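So the structure is just underneath, and the comments pick up after that.
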Ligand code: ADP
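Numbering (the numbering used here), first residue to last: 1 to 201.
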């Protein structure tokens, strides 16, 4: 088996800022950002897979695990082939995947999780307000409907949050996601820099 990808995970409710942080950190050398939702949104909605995505996401539900992991793997393999993701020097930043324990198990042999950043935003109203703003800005249909938003938040609570137990306290860093994005970024960078220094020592 080839070497597992050195990985940082972003875990947090929809609207907690995973994407913002992933894109920002991912723009630096030695990081490669992959947002699972973006992989799905790049699908042609006229294809069967595109239709499967649309039917689940429009209801605020997760796409079935096997399909998700297969698509994600293809996207990562393509990034490696194209030289966009260089696993020998880059760290993989994953946002939106794994989204439940089953996915984490399916990914265990591919990724070596070095740290989980839990972007914590207990104030659900704040999250809902952020999502509604994003709906207008990014043309996201699944963010425009309050009922769908509530269902996605529920899916996060019931399916994704158990990942915190799966990875365990020693791998998790809790970050206050109610702070402005620059402060969230500072907290993440503090940790990354500290771990880089420790491994260089
Ligand atoms: P958010 O984090 O705001 O929920 P995403 O862009 O990550 O948004 O995901 C949008 C939709 O894509 C999800 O509601 C779900 O239907 C689907 N999706 C994304 N990632 C996964 C995943 N890992 N497993 C299953 N479905 C996913």
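Using N, Cα and C, we set each Cβ at its ideal position, and we do this for glycine too. Computed from a predicted structure; not experimentally measured.
In angstroms, rounded to a whole number, what distance separates the CA positions of residue i and residue j?
| i | j | result |
| --- | --- | --- |
| residue 48 | residue 174 | 38 Å |
| residue 130 | residue 24 | 18 Å |
| residue 199 | residue 183 | 24 Å |
| residue 89 | residue 5 | 10 Å |
| residue 204 | residue 40 | Shown here, the chain extends from 1 to 201; a query on residue 204 therefore has no answer. |
| residue 187 | residue 27 | 17 Å |
| residue 112 | residue 144 | 35 Å |
| residue 185 | residue 9 | 14 Å |
| residue 162 | residue 152 | 15 Å |
| residue 29 | residue 123 | 34 Å |
| residue 137 | residue 147 | 19 Å |
| residue 51 | residue 114 | 34 Å |
Do you know whose CA, among the options, lies nearest residue i's CA?
| i | options | result |
| --- | --- | --- |
| residue 94 | 194, 21 and 34 | 34 |
| residue 3 | 12, 26, 87 and 10 | 87 |
| residue 65 | 105, 79, 30 and 16 | 105 |
| residue 69 | 162, 99 and 167 | 99 |
| residue 72 | 127, 37 and 8 | 37 |
| residue 56 | 132, 149 and 157 | 149 |
| residue 116 | 42, 133, 96 and 135 | 96 |
How far does the beta strand (DSSP E) with residue i in it reach, from first residue to last?
| i | result |
| --- | --- |
| residue 34 | 31-35 |
| residue 156 | Here residue 156 belongs to no beta strand (DSSP E), and DSSP marks it neither H nor E. |
| residue 114 | 111-120 |
| residue 170 | Where residue 170 is concerned, there is no enclosing beta strand (DSSP E), given that its DSSP letter is neither H nor E. |
Would you decide whether residue i is buried or exposed? Buried here means 16 or more other CB atoms lie within 10 Å of its CB.
| i | result |
| --- | --- |
| residue 165 | exposed |
| residue 19 | buried |
| residue 13 | buried |
| residue 45 | exposed |
| residue 171 | exposed |
| residue 142 | buried |
| residue 168 | exposed |
The alpha helix (DSSP H) spanning residue i covers which residue range?
| i | result |
| --- | --- |
| residue 197 | 181-200 |
| residue 57 | 48-57 |
| residue 7 | Per DSSP, residue 7 belongs to no alpha helix (DSSP H); it is in the beta strand (DSSP E), 5-11. |
| residue 108 | Element bounds for residue 108: n/a, residue is neither H nor E. |
| residue 88 | Looking at the DSSP string, residue 88 is not in any alpha helix (DSSP H), and its letter there is neither H nor E. |
Using a Cβ-Cβ cut-off of 6 Å (strictly less than) and excluding sequence neighbours within five positions of residue i, which residues of its own chain qualify?
| i | result |
| --- | --- |
| residue 191 | 173 |
| residue 16 | 119, 121 and 177 |
| residue 92 | 5, 7 and 32 |
Please go through the same chain and pick out, in chain order, the residues whose beta-carbon is closer than 7 Å to the beta-carbon of residue i, but skip the five residues on each side of it.
| i | result |
| --- | --- |
| residue 155 | 60, 61 and 62 |
| residue 101 | 162, 163 and 166 |
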